[in-house]
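Engineer:
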Amino acid sequence: MSQKSIAAIHDISGFGRCSLTVALPLLSAVGIKTSVIPTAVLSTHTGGFKGNTFHDLTKDIEPIALHWKNENLKFDAVYTGYLCSPAQVNSALSAIEHIKSENTLIVVDPVIGDNGYSYSGFQRSFPSYMLRLCQKADIITPNLTEACMLAGAPYKASGYDAEYIEMILLKLYSLTKAKIVLTGISFDDKKIGAAIYEDGEISYVFADKMPKSYHSTGDIFASVMIGAILNGRSIKASAQIATNFTSLCIKQTIEDKTDARFGVNFETQIPNLIKYLELT
Ligand code: PXL
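If you read the sequence shown in my numbering, its first letter stands for residue 7, the second for the next number, and so on.
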């Protein structure tokens, strides 16, 4: 199997383990040649630190993609994550058009919010722009908050059942026609995982639920899931690996007792990821 390549379109948050500082090491660790289009440079992510710097690179997104197109560079997948404005979503849409070829897998992690709220800085209309990007995707990886915002469905923090999850999956599928990996789904206090909608079928994957939640676990989940897909696993098998790995990283972080804003300790768990993917 020839080495797979991916173009990752995300910001660089200098401190806080999210977006490119998570995607790059995880994808590299599982053997994927990873190229990046940085969308912005921030001192930290926007989840809990005060007064972060923000250098907007919106104007660079399309020219980078055009340069790659002119160089005839090819990618097996394009993976978009946090985009900070409608203009960035539009630039990401153009970039995808420039760099995709016939078999390029488009994966969109529609980063908008968590726990029922938007991340700071997003306007109310932002989900409608993100929906347009999801409509270009083969696979989308929203959490429940994002899925509800995209589908215009009521958000339930807990106490929901499979019928509620399936209603959201069907709504979102009817709007996007994408395969959906809906993250952070939990029907009890022991297990947490993802609901998958693929080819008209719904299935679930779960791992141990940890008593604390941390910033940016969605970036870890999506990066690992794509890494597994590009290593030849099915979407469901990849979602299972991503769920197990994310749970393991959270467990380690709880043991480490670090500040929740600092993200999770995924670095020391990379050997386990390599074992999950049988890459040793
Ligand atoms: O983890 C998603 C993410 C990525 N990048 C930035 C963020 C967030 C979530 O808050 O603020 C800058």
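C-beta: ideal position from N, C-alpha, C; glycine also. None of the values given here were measured: they were computed from a predicted structure.
Quick check on leucine 285: buried or exposed, where buried means 16 or more other Cβ atoms within 10 Å of its Cβ?
Structural biologist: One-based indexing of the sequence shown puts residue 285 at position 279. Answer is exposed; the Cβ neighbour count stays below 16.
Engineer: What residues match up with tyrosine 123 in a beta bridge as DSSP calls it?
Structural biologist: Taking the first residue of the sequence shown as 1, we reach residue 123 at position 117. Bridge partners of tyrosine 123: Asp120.
Engineer: How is serine 49 classed by DSSP in three states: helix, strand or coil?
Structural biologist: As a first step, residue 49 is located in the sequence shown; it is residue number 43 there, counting from the start. Reduced to three states, the DSSP call for serine 49 is strand.
Engineer: In terms of residues, what are the limits of the alpha helix (DSSP H) holding alanine 245?
Structural biologist: By 1-based counting over the sequence shown, the position of residue 245 is 239. Note, alanine 245: alpha helix (DSSP H), 241–262.
Engineer: Please determine if the segment 78–86 and the segment 49–59 are in contact, where contact requires at least 3 C-beta pairs separated by less than 8 Å.
Structural biologist: Short answer: they don't touch.
Engineer: At 3 residues or longer, and completely inside the segment 60–91: list those beta strand (DSSP E) runs for me, N to C.
Structural biologist: List check, beta strand (DSSP E) in window: 60–62, 83–86.
Engineer: Is it buried or exposed for aspartate 225, if we count other Cβ within 10 angstroms and need 16 for buried?
Structural biologist: For this step, residue 225 is matched to residue 219 along the sequence shown. Buried, since its Cβ has 16 or more Cβ neighbours within 10 Å.
Engineer: According to DSSP, is proline 44 helix, strand or coil?
Structural biologist: As a first step, residue 44 must be located in the sequence shown, where it is residue number 38. Strand.
Engineer: Cβ of threonine 14 within 9 Å of Cβ of leucine 279?
Structural biologist: Translated into positions along the sequence shown, residue 14 becomes position 8. Translated into positions along the sequence shown, residue 279 becomes position 273. Strictly speaking, residue 14 in this sequence is alanine, with threonine absent from that position. Going by C-beta atoms, alanine 14 is not nearer than 9 Å to leucine 279.
Engineer: In whole angstroms, what separates the C-alpha of alanine 143 from that of glycine 37?
Structural biologist: Numbered from its first residue, the sequence shown carries residue 143 at position 137. Numbered from its first residue, the sequence shown carries residue 37 at position 31. Answer to the nearest angstrom: the Cα atoms are 23 Å apart.
Engineer: Looking only at DSSP bridge pairs, what is threonine 189 linked to?
Structural biologist: Taking the sequence shown and counting its residues from 1, one reaches residue 189 at position 183. BP columns for threonine 189 point to Asn149, Ala200.
Engineer: Any heavy atom of ligand 1 closer than 8 Å to the Cβ of tyrosine 220?
Structural biologist: Counted from its first residue, the sequence shown places residue 220 at position 214. No, the Cβ of tyrosine 220 stays beyond 8 Å of every heavy atom of ligand 1.
Engineer: Beta-carbon separation of serine 126 and proline 92 under 9 Å?
Structural biologist: Translated into the one-based positions of the sequence shown, residue 126 becomes position 120. Translated into the one-based positions of the sequence shown, residue 92 becomes position 86. Against a cut-off of 9 Å, the Cβ pair of proline 92 and serine 126 comes out as no contact.
Engineer: Taking its Cβ as the centre, do 16 or more other Cβ atoms sit within 10 Å of glycine 119, making it buried, or is it exposed?
Structural biologist: Against the sequence shown, residue 119 aligns to sequence position 113. By the 10 Å Cβ count, glycine 119 comes out buried.
Engineer: State yes or no: is the C-beta of valine 117 nearer than 8 Å to some heavy atom of ligand 1?
Structural biologist: By 1-based counting over the sequence shown, the position of residue 117 is 111. True, at least one ligand heavy atom lies under 8 Å from that Cβ.
Engineer: Does at least one heavy atom of ligand 1 sit under 8 Å from the Cβ of leucine 48?
Structural biologist: For the purposes of this step, residue 48 is taken as the residue at position 42 of the sequence shown. Answer for leucine 48: yes, Cβ within range of ligand 1.
Engineer: For serine 209, I'd like the list of residues in its chain whose CB is within less than 8 Å of its CB, leaving aside the five on either flank, ordered along the chain.
Structural biologist: By 1-based counting over the sequence shown, the position of residue 209 is 203. Excluding residues within five positions, the ones whose Cβ falls inside 8 Å are Ala201, Ile202, Lys242.
Engineer: Report buried or exposed for threonine 274, applying the criterion of at least 16 other Cβ atoms within 10 angstroms of its Cβ.
Structural biologist: Indexing the sequence shown from 1 puts residue 274 at position 268. So threonine 274 counts as exposed.
Engineer: Could you please give the first and the last residue of the uninterrupted beta strand (DSSP E) stretch that includes leucine 283?
Structural biologist: For the purposes of this step, residue 283 is identified with residue 277 of the sequence shown, where counting begins at 1. Element bounds for leucine 283: n/a, residue is neither H nor E.
Engineer: Does the distance between the C-beta of tyrosine 125 and the nearest non-hydrogen atom of ligand 1 fall short of 8 Å?
Structural biologist: Counting from one through the sequence shown, the residue named residue 125 turns up at place 119. Correct: tyrosine 125 has its Cβ closer than 8 Å to ligand 1.
Engineer: If you follow the beta strand (DSSP E) that tyrosine 170 is in, where does it begin and where does it stop?
Structural biologist: Here residue 170 refers to the residue found at position 164 of the sequence shown. First-last for tyrosine 170: 168–182, but that is the alpha helix (DSSP H), not the beta strand (DSSP E).
Engineer: Buried or exposed: asparagine 271, going by 16 or more other Cβ atoms within 10 Å of its Cβ?
Structural biologist: Within the sequence shown, the letter at position 265 stands for residue 271. Its Cβ being crowded by 16 or more others within 10 Å, asparagine 271 is buried.
Engineer: Would you say leucine 89 and valine 117 are within 9 Å of each other, going by their C-beta atoms?
Structural biologist: By one-based count along the sequence shown, residue 89 stands at place 83. By one-based count along the sequence shown, residue 117 stands at place 111. Yes, the Cβ-Cβ distance between leucine 89 and valine 117 is below 9 Å.
Engineer: Going by DSSP, name the residue or residues bridged to tyrosine 210.
Structural biologist: Residue 210 sits at position 204 when you count from the first residue of the sequence shown. Per DSSP, Ala201.
Engineer: Helix or strand or just coil, what does DSSP make of histidine 104?
Structural biologist: The residue labelled residue 104 in the question sits at position 98 within the sequence shown. Here histidine 104 sits in helix by DSSP.
Engineer: Using only alpha-carbon positions, find the residue among Asp205, Asp195, Gln94 that is nearest to alanine 213.
Structural biologist: Walking along the sequence shown from the start, residue 213 turns up at place 207. Closest option to alanine 213, Cα to Cα, is Asp195.
Engineer: Less than 9 Å separating the beta-carbons of threonine 147 and valine 187?
Structural biologist: To locate residue 147, count along the sequence shown from 1; it is residue 141. To locate residue 187, count along the sequence shown from 1; it is residue 181. Their beta carbons are under 9 Å apart, which means threonine 147 touches valine 187 by this criterion.
Engineer: Buried or exposed for lysine 183, please, with buried defined as at least 16 other CB atoms from any protein chain shown within 10 angstroms of its CB.
Structural biologist: To locate residue 183, count along the sequence shown from 1; it is residue 177. Label assigned to lysine 183: exposed.
Engineer: Output needed for cysteine 140: all residues of its chain with C-beta closer than 7 Å, excluding positions within five of it in sequence on either side, in chain order.
Structural biologist: On the sequence shown, position 134 is the one that residue 140 refers to. Closer than 7 Å at Cβ, skipping near neighbours: Val114, Pro116, Ile146, Leu156, Thr182, Ala184.
Engineer: Ligand 1 and leucine 16: does the residue's C-beta get closer than 8 Å to at least one heavy atom of that ligand?
Structural biologist: Here residue 16 refers to the residue found at position 10 of the sequence shown. Per the sequence presented here, residue 16 reads as histidine, with leucine not at that position. Checking every heavy atom of ligand 1 against the Cβ of histidine 16, one is found closer than 8 Å.
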